[in-house]
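Have a look at the structure below before the remarks.
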Ligand code: KDG
Ligand code: MG
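Numbering (the numbering used here), first residue to last: 186 to 588.
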């Protein structure tokens, strides 16, 4: 019995908001879990503090599966981003504790390394194709084997995914949501020339990715996928909203460009049909938003049966605790595909010192017991919560459109 004696939520904003759960045990071992839900952070903080933590005290930290079931089945209200992020934080923290108790890095408890490291993709962007290619060349020089390309759309004032800062990119940047304008026609014209220029400048030995951010209908996505086929993209991401999983059948009928989706998914039920019918190639669900390592393992195992590989979300709103969990997980599973790596700022990394590292296009979680991430609470306290939102998106006639 490894008794849970305390648990606390720490909210900090070293450049952006993070919600972290810290669980303490009787023998002094502690574990960290990420509970950050971009733009809705305090809802998860309250869910944990007011509703979950009281149920944890006195339980055996070793009983990870039982605690997961208790919080999921026992809650009556299943699924949803707030619930599943809260459960994820508990789950991550308990795996962290188990690793520390065993004196082993988490990936060893998950079956050991299945590869030398996790291939990651970096974010190249720019307001013009030239700027984006320039940025992509920079990533290639740093050893990246895979690069996401997002470029400004001619005729639109701003484009989501294209940052002001070339190197660090923080989309949740306003006290109230800013509003941007979208034109599908202008966008669809802009992507094939970007990929054509990228292949000419970067060659064929680097994987190229693109994120649509849910802004196309299935038939438009089918057309974009087909237009990109000559440039052999690694994937086209979030081509259309996926509440209706059957939508992806239409995209599949029209293109062989590999499809990735799922950064907003919370449970295996969000992707059951997508996986079963092999409508996607990469599932982007994450440790933090899909119920922790315990649940993501189930999703990945199910995906493996259907030739779907993982491509976990790894934007800056996933804290270094999540990044570490993703790397331990990715290193160990058989059907790892790729991991997103958007890089945290030095300010964030100082609050969350960590054992993971990047070299030669791959990341490794390191050999520290558990997750290998600490939280400097004194430094965290110097960065109080600051409300921040992602932008919203309207069509040029003012219609509110897909995120
Ligand atoms: O919270 C939302 C961001 O993480 C998201 O917009 C980033 O789409 C994204 C990505 O692929 O990283
Ligand atoms: Mg995305």
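Backbone N, C-alpha and C fix where the C-beta goes; we use that ideal spot for every residue, glycine too.
Can you find a heavy atom of the ligand MG that lies under 7 angstroms from the Cβ of residue i?
i           : result
residue 398 : yes
residue 428 : no
residue 462 : no
residue 301 : no
Just to confirm my understanding: we take residue i, look at its own chain, exclude 5 residues before and 5 after, and list those with CB closer than 6 angstroms. What are they?
i           : result
residue 494 : 467, 520, 522
residue 437 : 464
residue 585 : 579
residue 445 : 420, 422, 467, 469, 496
residue 440 : 407, 410, 411
residue 264 : 451, 452
residue 329 : 307, 546
residue 455 : none
residue 381 : none
residue 278 : 206, 208, 216, 217, 218
residue 246 : 187, 189, 210, 279, 282
residue 491 : 460, 463
Going by alpha carbons, who is nearest to residue i out of the options?
i           : options            : result
residue 185 : 262, 439, 239, 361 : Residue 185 lies beyond the residue range present for the chain, which begins at 186 and ends at 588; the question has no answer from this structure.
residue 418 : 389, 475, 209      : 389
residue 412 : 396, 471, 373, 340 : 373
residue 337 : 303, 359, 314      : 314
residue 273 : 308, 450, 391, 292 : 450
residue 395 : 308, 240, 262, 246 : 308
residue 333 : 371, 498, 588, 571 : 498
residue 393 : 249, 458, 317      : 317
residue 544 : 345, 306, 491, 212 : 306
residue 414 : 304, 515, 443      : 443
residue 546 : 391, 232, 347      : 391
residue 530 : 257, 310, 276, 354 : 354
residue 515 : 567, 480, 304      : 304
residue 345 : 327, 312, 241, 330 : 312
residue 281 : 554, 560, 567      : 554
residue 435 : 447, 448, 428, 405 : 405
residue 527 : 369, 249, 347, 244 : 347
residue 430 : 290, 458, 300      : 458
residue 276 : 367, 568, 250, 564 : 250
residue 260 : 243, 233, 248      : 233
Does the distance between the C-beta of residue i and the nearest non-hydrogen atom of the ligand KDG fall short of 7 angstroms?
i           : result
residue 356 : yes
residue 500 : yes
residue 508 : no
residue 250 : no
residue 422 : yes
residue 370 : no
residue 525 : yes
residue 334 : no
residue 444 : no
residue 226 : no
residue 316 : no
residue 401 : no
residue 223 : yes
residue 448 : yes
residue 394 : no
residue 295 : no
residue 459 : no
residue 409 : no
residue 256 : no
residue 564 : no
residue 575 : yes
In chain order, what residues of the same chain have a beta carbon less than 7 angstroms from the beta carbon of residue i, not counting five sequence neighbours either side?
i           : result
residue 539 : 505, 509, 557, 558
residue 204 : 194, 196, 220, 221, 226, 229, 230
residue 541 : 508, 509, 512, 548, 549, 550, 551, 557
residue 375 : 336, 338, 339
residue 386 : 318, 322
residue 562 : 195
residue 262 : 268
Short of 8 angstroms in beta carbon distance, which residues of its chain neighbour residue i, apart from the five on each side in sequence? Order them along the chain.
i           : result
residue 364 : 576, 577, 578, 579
residue 357 : 201, 202, 223, 224, 502, 573, 574, 575
residue 570 : 196, 197, 198, 202, 226, 227
- Message: At 3 residues or longer, what runs of the beta strand (DSSP E) sit wholly inside the region 419-461?
- Response: 420-422, 444-446
- Can you list the alpha helix (DSSP H) stretches of 4 or more residues lying completely in the region 331-406, in chain order? 369-387
- Would you list, in sequence order, the uninterrupted beta strand (DSSP E) runs of no fewer than 3 residues that lie entirely inside the region 214-255? 215-219
- Task: Identify every run of the alpha helix (DSSP H) within the region 475-505, keeping only runs that are complete inside it and at least 4 residues long; order them along the chain.
- Result: 477-489
- Counting Cβ pairs closer than 8 angstroms, one from the region 288-299 and one from the region 526-536, do we hit at least three? no
- Message: Just to confirm the assignment: which complete beta strand (DSSP E) runs, minimum length 3, are found wholly within the region 539-586?
- Response: 542-544, 547-549, 577-580
- Message: Runs of 4 residues minimum, wholly inside the region 253-310: which ones carry the alpha helix (DSSP H) assignment?
- Response: 266-287, 291-294
- Segment contact, 8 angstroms Cβ cut-off, at least three pairs: the region 424-431 with the region 396-404: yes
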